[in-house]
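Residue 146, in my numbering, is where the sequence shown stops; the numbers in between run on with no holes.
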Amino acid sequence: MSQASIVSRIAGRRGVRQFVKFGIVGASGFVVNLVVFTLLQRGTALPIWLDFSLGFMVGGVSNYFLNRVWTFRSSGHAGLEGAKFLTVSFLALILGNLVIWVYESVLGQHHHHTAWLVATLSGMLLNFFLNKYWTFRSVL
Numbered sequence: 007m008s009q010a011s012i013v014s015r016i017a018g019r020r021g022v023r024q025f026v027k028f029g030i031v032g033a034s035g036f037v038v039n040l041v042v043f044t045l046l047q048r049g050t051a052l053p054i055w056l057d058f059s060l061g062f063m064v065g066g067v068s069n070y071f072l073n074r075v076w077t078f079r080s081s082g083h084a085g086l087e088g089a090k091f092l093t094v095s096f097l098a099l100i101l102g103n104l105v106i107w108v109y110e111s112v113l114g115q116h117h118h119h120t121a122w123l124v125a126t127l128s129g130m131l132l133n134f135f136l137n138k139y140w141t142f143r144s145v146l
């Protein structure tokens with residue numbers, strides 16, 4: 007079997023396509039988060055933690071709708087799926103913070119960007135699988 011056909015078979019799998027779409031949606035949510043955060047920082051006198059929180063929430067809402075419509079093509083109950091999506095996002099945030107804490111405090115590593123990357127990838131994997139198999143389960 008040639009490399010091209012192996013790549014084609016892997017890319018043709020529904021779960022792989024969904025994972026790629028999930029990553030694209032996540033990148034768009036990052037941009038939305040950054041834009042909202044920057045606009046609030048420049049245009050208001052709100053504390054930075056509130057600017058960050060509002061940007062994170064707006065990016066999360068954007069991610070939810072794009073994942074619901076494009077990634078998973080769900081027609082389930084929007085309110086229930088939204089609550090599940092927020093719960094998964096919160097769990098991913100906790101996991102990410104735990105990874106950073108372990109990386110920096112327990113392991114004594116002070117490479118902030120590496121810790122951020124490991125935490126982000128951990129959260130992305132948790133986010134994808136919980137959303138695929140719990141939030142948007144009706145789509146399976």
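Beta carbons are placed, not taken as given, at the ideal position from N, Cα and C, and that holds for glycine. Quick caveat: nothing in here was measured; it's all calculated off a predicted structure.
Within 10 Å of its beta-carbon, does residue i have 16 or more other beta-carbons around it, so buried, or fewer, so exposed?
{"i": "Leu46", "result": "buried"}
{"i": "Ser95", "result": "buried"}
{"i": "Ser26", "result": "Checking the sequence, you will find Val at residue 26 rather than Ser. Counting Cβ neighbours within 10 Å, Val26 comes out exposed, since fewer than 16 surround it."}
{"i": "Ser37", "result": "The sequence as given places Val at residue 37; Ser does not occur at that position. Looking at its Cβ environment, which holds fewer than 16 other Cβ atoms inside 10 Å, Val37 is exposed."}
{"i": "Ala51", "result": "exposed"}
{"i": "Gly29", "result": "exposed"}
{"i": "Gly49", "result": "exposed"}
{"i": "Tyr70", "result": "buried"}
{"i": "Ala121", "result": "buried"}
{"i": "Tyr109", "result": "buried"}
Could you check how far apart the C-beta atoms of residue i and residue j are, in whole angstroms? I think they sit under 8 Å.
{"i": "Val42", "j": "Gly66", "result": "Going by Cβ atoms, the distance from Val42 to Gly66 rounds to 11 Å, so no, they are not a contact pair."}
{"i": "Glu87", "j": "Phe134", "result": "Not quite, the Cβ-Cβ distance comes to about 15 Å (not below 8 Å), so this is no contact."}
{"i": "Leu132", "j": "Leu92", "result": "About 14 Å; that fails the 8 Å criterion."}
{"i": "Ser68", "j": "Gly102", "result": "Not confirmed; about 19 Å, so no contact."}
Cβ of residue i versus every heavy atom of the ligand HEM: is any distance shorter than 6 Å?
{"i": "Ser59", "result": "With respect to the ligand HEM, the structure shown offers nothing to examine, as it has no ligands at all."}
Counting pairs of Cβ atoms below 8 Å between the stretch 69-89 and the stretch 114-122, do you hit three or more? no
Check whether the stretch 121-129 and the stretch 16-30 are in contact - that is, three or more C-beta pairs closer than 8 Å. no
Just to confirm the assignment: which complete alpha helix (DSSP H) runs, minimum length 4, are found wholly within the stretch 91-117? none
At what residue ranges does the stretch 35-85 contain a whole run of the beta strand (DSSP E), taking only runs of 3 or more? Runs of the beta strand (DSSP E) inside the stretch 35-85: none found.
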